[in-house]
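Chains as they are written, first to last, in the working numbering: chain E, 456 to 636; chain L, 456 to 636.
There are 2 protein chains.
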Amino acid sequence: MSRKRQILVDTALQLFYEKGVNSVGINELLKVSGIAKKTLYNHFDSKQALVLAALKQRNDKFMTWLEMNLNEASTDKEVIARLFHGLSAWFTDSAAELGNFRGCFFINTSSEFSDPCSDVSQYCQYHKRQVRALISKHLSNPSPELLDTICVLKEGAITIAYVNKDFSMPQKCISILDKLL
Amino acid sequence: MSRKRQILVDTALQLFYEKGVNSVGINELLKVSGIAKKTLYNHFDSKQALVLAALKQRNDKFMTWLEMNLNEASTDKEVIARLFHGLSAWFTDSAAELGNFRGCFFINTSSEFSDPCSDVSQYCQYHKRQVRALISKHLSNPSPELLDTICVLKEGAITIAYVNKDFSMPQKCISILDKLL
DNA sequence: TTATCGGTAGACAAAACGGTCTACTTTGTT
DNA sequence: AACAAAGTAGACCGTTTTGTCTACCGATAA
């Protein structure tokens, strides 16, 4: 993997996440990254291929960050606490690895690609499955019911944080799960 | 209000919801609606003004639909059941008033406008507050805790339905709320 | 009749879009 | 030293973007 390619993907992820994929043009991306257009099309067939690479990069970063948060937990209660405390940190820009919060990159990008069969939409779906599997791995009792509950609360908390600018949901989600266990 | 104006807003809502705001150009919209460009700019200052009008139209439709679903409920349990059964119908394209499901128009549109201070983002936030208030109105015990729980589950169910194409969440949300009451 | 108003059709503008291509320079390897 | 690969700058292409403007049409009302 070329160094230039990595710069391109990094810049793409940063700009795409900050402004939305369809609001960032190739030329702007090249200007910011300081890389020539030919080099971009030497590494990627199209803008969409670059979008896909940015999604993968984000998935790697997110999974690493989540793993780091969860692997210190021993009980299920702790897994839940660490998960939602992590989200809370993310929302308030206290998770440096994830950058300034602007919602979930995968939800946002999925919204911009109306074709559910496109590579982009499919990858967003894949990411959500990956996250679910990682949470499952850390639970001592990974019943589908508990997993569903955690995941639906997680998605709700992210959406409310982004659309309503209300960052208090993670704490409330912990309370809800507390009552259920 | 002019008849042409109404056609414009209807067409805009349909196309914007189906494909995403930034993926639909003014010219395409004019072609589909069969209205002249001058007429559009006679009624609206800019594309963004039209987006805002489409959001308002959607808000009206959604609130009417939700009200219709909730006003037959007498107990809190019934409110919850009708809310999530309604969502389930929406997801599976069985709610004619809301059109073919492509996620929440307000979440999707919010994703495309990165500036949280823009009229568009502000209106999306307003819509979510409206929905919360309507649910609250129908609850006999509208405690903030219960309301928060319902809303976070609702947003989670919508997101999972759209990104993961999993339409089973509403039913599971009812079970969760059942255990909590 | 005549003036006005809302509408039509579409040319036009200026910029931005994704993507291709050429000609040149840098870099790394043998 | 020589050569190939990779990168650079940016002109260029055709299309599309939002938005303006002109010239005209048809109905309604004084």
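Every residue gets a Cβ at the ideal spot worked out from N, C-alpha and C, and that includes glycine.
Inset, instruction - Out of E:Arg584, E:Ser598 and E:Arg460, point me to the one whose CA is closest to His498 of chain E's CA. - result: Per the Cα distances, E:Arg460.
Inset, instruction - Anything in chain E within Cβ reach of Leu635 of chain L, meaning under 9 Å, just list it in chain order. - result: Ile631, Lys634 and Leu635
Legend entry - Partner residues on chain E for Arg557 of chain L, Cβ-Cβ distance less than 8 Å: Ser569
Legend entry - Leu542 of chain L vs Leu505 of chain L beta-carbon contact at 8 Å: no
Legend entry - Any C-beta of chain E under 8 Å from that of Cys579 of chain L: yes
Legend entry - Residue of L:Phe622, L:Leu632, L:Leu470 and L:Arg458 minimising C-alpha distance to Ala544 of chain L: L:Phe622
Inset, instruction - List the residues of chain L that Lys502 of chain E touches, going by C-beta distances under 9 Å, in chain order. - result: Chain L residues near Lys502 of chain E: none, gap ~14 Å exceeds 9 Å.
Legend entry - chain L contact for Thr547 of chain E (CB, 8 Å cutoff): no
Legend entry - Cβ contact check for the stretch 608–615 of chain E and the stretch 599–613 of chain L: 3 or more pairs under 8 Å: yes
Inset, instruction - With distances taken Cα to Cα, identify the nearest neighbour of Lys634 of chain L among E:Ala616, E:Pro625, E:Thr604 and E:Asp515. - result: E:Thr604
Legend entry - Other residues of its chain near Glu522 of chain E: CB distance less than 7 Å, five sequence neighbours each side excluded: Counting only Cβ-Cβ distances below 7 Å, and skipping sequence neighbours, we find Leu589.
Inset, instruction - Mind reading off the beta-carbon distance from Ala467 of chain E to Leu485 of chain E? Whole number of angstroms is fine, and I expect it under 8 Å. - result: Contact doesn't hold; Cβ gap of about 10 Å is too wide.
Legend entry - Contact residues within the stretch 595–629 of chain E, judged by C-beta distance below 8 Å to chain L: Glu600, Asp603, Thr604, Cys606, Val607, Leu608, Lys609, Glu610, Gly611, Ala612, Ile613, Thr614, Ile615, Tyr617, Val618, Asn619, Lys620, Met624, Lys627 and Cys628
Inset, instruction - Would you verify that the beta carbon of Ser565 of chain L is, or is not, closer than 8 Å to some beta carbon of chain E? - result: yes
Legend entry - Distance, Asn619 of chain L Cα to Ser576 of chain L Cα: 24 Å
Legend entry - Positions along the stretch 463–495 of chain L whose CB lies within less than 7 Å of some CB in chain E: Taken in chain order, the members of the stretch 463–495 of chain L whose beta-carbon sits within less than 7 Å of a beta-carbon on chain E are Glu473, Lys474, Gly475, Asn477 and Ser478.
Inset, instruction - Out of L:Lys583, L:Arg557 and L:Asn596, state which residue places its alpha-carbon closest to the alpha-carbon of Phe471 of chain L. - result: L:Arg557
Inset, instruction - Could you confirm whether any beta carbon from chain E is found closer than 8 Å to the beta carbon of Ile562 of chain L? - result: yes
Legend entry - Status (buried if at least 16 other CB within 10 Å, exposed otherwise) for Pro599 of chain E: exposed
Inset, instruction - Report yes if the CB atom of Arg513 of chain L is closer than 8 Å to the CB atom of Leu525 of chain L, and no otherwise. - result: Not closer than 8 Å, so no.
Inset, instruction - Could you check how far apart the C-beta atoms of Phe561 of chain E and Leu510 of chain E are, in whole angstroms? I think they sit under 8 Å. - result: 7 Å
Legend entry - Proximity test, Cβ basis, 8 Å: Lys583 of chain L and chain E: yes
Legend entry - Coil, strand or helix - Asp621 of chain L by DSSP: coil
Inset, instruction - Could you give the DSSP three-state label for Asn555 of chain E: helix, strand or coil? - result: Note: Asn555 of chain E maps to coil in three-state DSSP.
Inset, instruction - Measure the C-alpha to C-alpha separation of Lys474 of chain E and Val479 of chain L and round it to an integer number of angstroms. - result: Cα-Cα distance, rounded: 18 Å.
Inset, instruction - Taking the CB atoms as reference points, tell me whether Ser569 of chain E and Ser566 of chain L lie closer together than 8 Å. - result: no
Inset, instruction - Return helix, strand or coil for Ser630 of chain E, following the three-state DSSP convention. - result: In this structure, Ser630 of chain E counts as helix in the three-state DSSP scheme.
Legend entry - Candidates L:Val476, L:Leu602 and L:Asn477, of which the one nearest Val586 of chain L by Cα: L:Leu602
Legend entry - Boundaries (first-last residue) of the alpha helix (DSSP H) holding Phe560 of chain E: For Phe560 of chain E, the enclosing alpha helix (DSSP H) has its first and last residue at Phe560 to Glu567.
Inset, instruction - Determine the direct distance from the alpha carbon of Leu636 of chain L to that of Ser595 of chain L, and round the result to whole angstroms. - result: 13 Å
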